[in-house]
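Presented below is the structure to which this report refers.
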Amino acid sequence: IAQYHWSPVFFMSDIVDAERGGKLRTSPEERGYVRHCPSKLGDLLPWYNCFYVLDYLMIIVIAIALISLRAYKPTEANVDALDRLPEDVILEYYNFEAGDELWTSGREYALWIGIPITGFILAQIWVWSLHDFHNAILGYIQSWIMTAFFVELFKRIFGFLRPDYLERIDEYDDDSDTEFRDARMSFPSGHAASGMATLFFFSLYLLGKLRPFDEKAGDGFLFQFVMIISPTVVCLYMSATRITEFQHFFSVKP
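Residue numbers for the sequence shown follow our numbering, beginning at 161 and rising by one.
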């Protein structure tokens, strides 16, 4: 049964028939389900499922929604903190110096894209499966784009002020300026979320390929666990630096 790759649709009628004494239909042919594309593509790629096309379309739809969402300005969330909080509290929480950021100028994308994609390609030296590579890339893109959409959505709903908010609004006072709007989008962290969507996804991929808990694949060697958790450790380090650079609070502040 595990050799088939069905659609997410679950046929309850098959279970009912089996409970009534009938034969449980387990193969796509018995279910009346066509698994392959009826074309030369189906002969060239016997593993290819036509339902992948729906996944591609969903990626395009979410990408369009993400681009449209970024056109909206963030909410005025917590801007009234400058009026309702004592001055000493404001200076304590929102008056940090805006220093140089480590993960800018494309460095973050070098990690989010470079590490997973390189890993997927190198894995084919041992796996050598176009099916595996296709699903790895597809899952990677789905994970990242869905995460990016919800991050942008929540940033515009909740927002929260950044620790260096006062310095930012002193330097930029135009609401149309990107830096000025970004000062109100501290939560959630886009760097942390994107890191988990890409690097943690890659860790899960390595877990499935190295199989440290499978006796047939090995005895759970230390190097396997180090390789598996390394991408996630890089992600956690990136997330921590966003706090030390005063771009985010460790927890929600007043």
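Positions of the beta carbon are idealized from the N, C-alpha and C atoms, including for glycine.
Around the Cβ of residue i, are there at least 16 other Cβ atoms within 10 angstroms (buried) or fewer (exposed)?
i    : result
L214 : exposed
R267 : exposed
Q384 : buried
E257 : exposed
K315 : buried
I388 : buried
E375 : exposed
G192 : Per-residue confidence for G192 stands at a pLDDT of 48, beneath the threshold of 50, marking its modelled position as unreliable; the derived number appears in the next sentence. Flag for G192 reads exposed.
A283 : buried
R402 : buried
L217 : exposed
L321 : buried
F381 : exposed
Y365 : buried
P206 : exposed
S303 : buried
V194 : Its pLDDT being 46, under 50, V194 is placed unreliably by the model, and the measurement read from it follows with that caveat. Exposed.
Taking the CB atoms as reference points, tell me whether residue i and residue j lie closer together than 8 Å.
i    : j    : result
I301 : I220 : no
T392 : S354 : no
Y325 : A296 : no
R311 : P372 : For the sequence presented, residue 311 should be read as Val rather than Arg. No, the pair does not count as a contact, with Cβ atoms beyond the cut-off.
W345 : P234 : The residue you asked about is not Trp; residue 345 is Met in the sequence shown. It is a contact, given that the beta carbons lie within the stated cut-off.
I136 : L226 : Nothing can be reported for residue 136: it is not among the residues displayed for the chain, which extend from 161 to 414.
E261 : E405 : yes
P323 : F211 : no
Looking at the unbroken alpha helix (DSSP H) that takes in residue i, where does it start and where does it end?
i    : result
P391 : 382-404
F280 : 275-283
A270 : Note, A270: premise wrong, no alpha helix (DSSP H); not H, not E.
Y216 : 212-229
Since I believe residue j is in contact with residue i (beta carbons under 8 Å), could you give me their beta-carbon distance rounded to a whole number of angstroms?
i    : j    : result
I275 : F340 : Not really, about 33 Å apart at Cβ, beyond 8 Å.
M356 : L271 : Not really, about 12 Å apart at Cβ, beyond 8 Å.
I440 : F309 : A query on residue 440 cannot be resolved here, the shown segment of the chain reaching from 161 to 414 and no further.
L298 : L229 : Contact doesn't hold; Cβ gap of about 23 Å is too wide.
With a threshold of 7 Å, establish whether the CB of residue i neighbours any heavy atom of the ligand ATP.
i    : result
F360 : In the structure shown, the ligand ATP is absent, as is every other ligand, since no ligand is present at all.
(request) Report the residue ranges of all beta strand (DSSP E) runs contained in full by the segment 288-364; include only those spanning at least 3 residues, in chain order. (result) Whole beta strand (DSSP E) segments, 3+ residues: zero.
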